[in-house]
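Residues in the sequence shown are numbered consecutively from 1168, following the working numbering.
To start, the structure itself, in structure tokens.
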Amino acid sequence: MNVVRVDSKGRVLIPKKIREIIGIREGGYIKIVLDGDKIIISPVKPNSEKYYGAFKVDRWPSDLDDFLLEAVRKWWLKKAT
């Protein structure tokens, strides 16, 4: 068990070992759920991780989430015509 201090802005520091184990990275997102008197924090996986390798491209863009949004938009436009 880890005990951490809450700062004046309500922030807490998740210990590095825990961040590494569950895959929380700088710039990533977490989901916070209130369960009675408990706070549950879990990482949110980016869409790019779900679909990595599903598209055949010459080179991958720097932002896979934007690439996926554009690919889906083009697919819908093609399907609508």
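Backbone N, C-alpha and C fix where the C-beta goes; we use that ideal spot for every residue, glycine too.
Just so it is clear, the structure is predicted and the values come from calculations on it, not from any experiment.
- Here the C-alpha atom of Trp1243 lies approximately 16 Å from the C-alpha atom of Asp1233.
- Secondary structure of Val1239 (DSSP, three-state): helix.
- In this structure, Arg1186 is the residue among Arg1186, Ser1229, Thr1248 and Gly1190 with its C-alpha nearest to the C-alpha of Asn1169.
- Boundaries of the beta strand (DSSP E) harbouring Ile1207: Lys1205 to Val1211, taken from the DSSP string.
- For Ile1199, the closest alpha carbon among the candidates Glu1237, Lys1245 and Val1211 is that of Val1211.
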